[in-house]
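In what follows, a single structure is set out as structure tokens and then discussed.
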């Protein structure tokens, strides 16, 4: 069975500084990896995904993520944080095929606070 | 194009009551799913469907039933509500056929069981 770990419950960063939200995963085979963001009292919004190819994936709102197969990580990054980036961020993984391949497994989420 | 819609937005039930949470999508997505979100636990999959007439259990299916009679609708039924089912429920949908399609989420239903 697949699993996702987000080791930090909360990340604080000053506005204008770079931000990183960490994610590691466990899955059989090559993973499909996703990042979602949740603003207060809202549903989840898709940010970006890694399927195959270039290890650096660019997504919405200036976010990017780096896939590292040897470290089984998929950290979310942004060069310069803004206050409106403050939200709850979820990493998720899907196995590429077989039983459960439609099942998306989420991490527990990381609350990002950008301090003005 | 409304995307994924859920009703109601809020609901309070008494223990033992039943109810149905509605979910609909207008994107002709084959895959639909229900999650519950609890503090510190992320989202956990309850049930999912890969097409009309096909449903399967996720990680936490006990106490919930689903059916998928049309492509558009995927209701979640609580047969006899329990306080442990107090949670925020999200419905999601995505294109089928490939497992790398991102999911589109509804706005959620906040359920309290007293």
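Chains as they are written, first to last, in our numbering: chain L, 56 to 171; chain V, 184 to 297. We put the beta carbon where it would ideally sit given N, CA and C, even for glycine. What you are looking at is a predicted structure, and each value in this text was computed from that prediction instead of being measured.
I think residue i touches residue j, with their Cβ atoms under 8 Å apart; what is that distance to the nearest whole Å?
i, j, result
"residue 133 of chain V", "residue 220 of chain V", "Since the first residue shown for chain V is 184 and the last is 297, residue 133 of chain V is missing from the structure and cannot be characterised."
"residue 130 of chain L", "residue 75 of chain L", "6 Å"
"residue 249 of chain V", "residue 227 of chain V", "Contact flag wrong, Cβ pair sits at about 15 Å."
"residue 59 of chain L", "residue 160 of chain L", "6 Å"
"residue 117 of chain L", "residue 103 of chain L", "Not confirmed; about 11 Å, so no contact."
"residue 279 of chain V", "residue 233 of chain V", "6 Å"
Terminal residues of the continuous beta strand (DSSP E) containing residue i?
i, result
"residue 87 of chain L", "87 to 93"
"residue 132 of chain L", "128 to 133"
"residue 165 of chain L", "165 to 170"
"residue 208 of chain V", "202 to 208"
"residue 195 of chain V", "193 to 196"
"residue 239 of chain V", "237 to 240"
"residue 105 of chain L", "99 to 105"
"residue 297 of chain V", "No beta strand (DSSP E) contains residue 297 of chain V, which DSSP labels as neither H nor E."
"residue 111 of chain L", "111 to 113"
"residue 141 of chain L", "That residue, residue 141 of chain L, is in no beta strand (DSSP E); it is neither H nor E in DSSP."
"residue 157 of chain L", "Premise fails: residue 157 of chain L is in no beta strand (DSSP E) and is neither H nor E."
"residue 286 of chain V", "Where residue 286 of chain V is concerned, there is no enclosing beta strand (DSSP E), given that its DSSP letter is neither H nor E."
"residue 60 of chain L", "58 to 60"
"residue 67 of chain L", "65 to 69"
"residue 80 of chain L", "79 to 81"
"residue 122 of chain L", "119 to 123"
Establish whether the CB of residue i and some CB of chain L are separated by less than 8 Å.
i, result
"residue 194 of chain V", "no"
"residue 259 of chain V", "no"
"residue 199 of chain V", "no"
"residue 255 of chain V", "no"
"residue 231 of chain V", "yes"
"residue 286 of chain V", "yes"
"residue 294 of chain V", "no"
"residue 234 of chain V", "no"
"residue 244 of chain V", "no"
"residue 297 of chain V", "no"
"residue 290 of chain V", "yes"
Within the 8 Å Cβ cut-off, does residue i reach chain V?
i, result
"residue 166 of chain L", "no"
"residue 161 of chain L", "yes"
"residue 57 of chain L", "no"
"residue 111 of chain L", "no"
"residue 108 of chain L", "no"
"residue 104 of chain L", "yes"
"residue 89 of chain L", "yes"
"residue 101 of chain L", "yes"
"residue 65 of chain L", "no"
Does the structure place the region 284 to 296 of chain V close enough to the region 187 to 195 of chain V that three or more beta carbon pairs sit under 8 Å? yes
Write down every uninterrupted run of the beta strand (DSSP E) in the region 212 to 284 of chain V whose length is 3 residues or greater and which is fully enclosed by it, in chain order. 214 to 220, 226 to 234, 237 to 240, 247 to 249, 259 to 261, 270 to 277
Does the region 93 to 101 of chain L come within contact of the region 67 to 82 of chain L, defined as at least 3 CB pairs closer than 8 Å? no
Quick one: which residues of the region 202 to 217 of chain V get their C-beta closer than 8 Å to a C-beta of chain C? List them in chain order. The structure shown contains no chain C; the protein chains it does contain are L and V.
Could you tell me whether the region 207 to 226 of chain V touches the region 256 to 265 of chain V, using the rule of 3 or more Cβ pairs below 8 Å? yes
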